[in-house]
């Protein structure tokens, strides 16, 4: 059990790290000719295609598993991919990015509430303490001082992103053990890309893209460079490790580990964009790590939350 927990923690941290690269890769595209939604569609659409072949290979002779979990895959794509990202990018039209991201990460509180109300898993003292500590750390990292008056429309979009994020962790944490993680990731991203493309086609979301060179890490590069980073690192690796980590750790703990994405994003911006984090952000990062540690200690003391048995195949746990 401890080996599974350790492997799950490592996968969840790797997922948070790779998800955190998305902003650095997306910035040169969004500040250029691309709309944010078009960047997201390219990111998850290409990743879904990349994972299609290994997903098909993983399903050989097991198509009944996909049919049995079809609704789950669709919900994962709609909530964990399309809703979370579409709502977040709409939120930043009305709110500062930091405020929108904070509202999205309130989804971790929704995970705790969901597991309590629906599954009867009442949060213990250390989980509550970890929740408050991590959220306080998130406020420090985002440095929300002077954010000003919040637009209620933007707040609603941000809370919608939080619902999508909570759906990502809850669904990924309670998968059918027979459903390969690569199938879940590929199918979910395909559903999410198609949903966002449909919204763009009907004019609900803006779609724009270009093929001009962009400025990345102080150099002029082809637009394919950030697109490759977004789709392969910030999507393929991020979603695969995120799904695999969540099914080993469970929804609640994996959602708290996901908070480290914000800290990783600050560090990546420092290394790639030469944006040195301030002292208040370093304090916030320490609080996030402390909050995650409290939740982890609580999980280990009380045992893991009820979940499906371990996956039958070890493909995404480092064994092959």
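Residue numbers (the working numbering): 24 to 343.
Ideal Cβ positions, reconstructed from N, Cα and C, are used throughout, including at glycine.
Spatially closest choice to residue i from the options, by CA coordinates
i           : options               : result
residue 75  : 117, 116, 204 and 184 : 204
residue 197 : 270, 133, 232 and 126 : 270
residue 282 : 139, 244, 41 and 92   : 41
residue 114 : 178, 316, 237 and 307 : 178
residue 95  : 200, 230 and 156      : 200
residue 176 : 130, 49, 118 and 222  : 118
residue 305 : 55, 123 and 161       : 161
residue 214 : 54, 77, 106 and 79    : 106
residue 318 : 289, 288, 276 and 291 : 276
residue 44  : 99, 79, 289 and 315   : 289
residue 182 : 59, 159, 125 and 135  : 125
residue 292 : 212, 250, 193 and 164 : 164
residue 210 : 202, 71, 57 and 133   : 71
residue 184 : 280, 143 and 133      : 133
residue 158 : 218, 147 and 130      : 130
residue 141 : 153, 73 and 193       : 193
residue 218 : 48, 67 and 49         : 67
residue 313 : 256, 149, 79 and 272  : 149
residue 103 : 188, 229, 222 and 278 : 188
residue 273 : 223, 101, 62 and 191  : 191
residue 278 : 309, 316, 257 and 248 : 316
Which residues DSSP lists as bridging residue i, in chain order
i           : result
residue 242 : 239
Where residue i sits in the DSSP three-state scheme
i           : result
residue 283 : helix
residue 90  : helix
residue 337 : Per-residue confidence for residue 337 stands at a pLDDT of 30, beneath the threshold of 50, marking its modelled position as unreliable; the derived number appears in the next sentence. It is coil, neither helix nor strand.
residue 324 : helix
residue 29  : helix
residue 273 : coil
residue 96  : helix
residue 144 : coil
residue 262 : helix
residue 305 : helix
residue 117 : coil
residue 294 : helix
residue 129 : coil
residue 158 : helix
Any non-hydrogen atom of the ligand ADP within 6 Å of residue i CB
i           : result
residue 312 : This structure does not include the ligand ADP; it has no bound ligands of any sort.
Residue i versus residue j: straight-line alpha-carbon distance, rounded
i           : j           : result
residue 294 : residue 86  : 44 Å
residue 32  : residue 116 : 34 Å
residue 259 : residue 46  : 15 Å
residue 241 : residue 186 : 36 Å
residue 239 : residue 69  : 20 Å
residue 343 : residue 81  : Any reading at residue 343 needs caution, since the residue's pLDDT is 25, under 50, leaving its predicted position unreliable; the model's value is listed next. When rounded, the distance between both Cα atoms is 13 Å.
residue 246 : residue 34  : 29 Å
residue 302 : residue 286 : 13 Å
residue 64  : residue 180 : 19 Å
residue 195 : residue 262 : 10 Å
residue 36  : residue 284 : 8 Å
residue 307 : residue 90  : 44 Å
residue 151 : residue 97  : 32 Å
residue 39  : residue 253 : 14 Å
residue 243 : residue 52  : 12 Å
residue 109 : residue 225 : 14 Å
residue 28  : residue 320 : 12 Å
residue 267 : residue 232 : 32 Å
residue 264 : residue 235 : 32 Å
residue 54  : residue 111 : 17 Å
residue 311 : residue 84  : 44 Å
residue 137 : residue 237 : 43 Å
residue 207 : residue 144 : 25 Å
residue 49  : residue 280 : 23 Å
residue 250 : residue 59  : 12 Å
residue 135 : residue 230 : 35 Å
residue 227 : residue 212 : 20 Å
residue 174 : residue 123 : 11 Å
residue 324 : residue 202 : 29 Å
residue 139 : residue 153 : 16 Å
residue 222 : residue 62  : 14 Å
residue 255 : residue 127 : 24 Å
CB contact check: residue i to chain D, cutoff 7 Å
i          : result
residue 90 : Of the protein chains in this structure there is only one, and it is not chain D.
Query raised in the report: Which ranges would you report for the beta strand (DSSP E) in the segment 38 to 88 if only whole runs of at least 3 residues count?
Result: none
Query - Sequence ranges, beta strand (DSSP E) only - wholly within the segment 173 to 253, length at least 3 - result: 237 to 239 and 242 to 244
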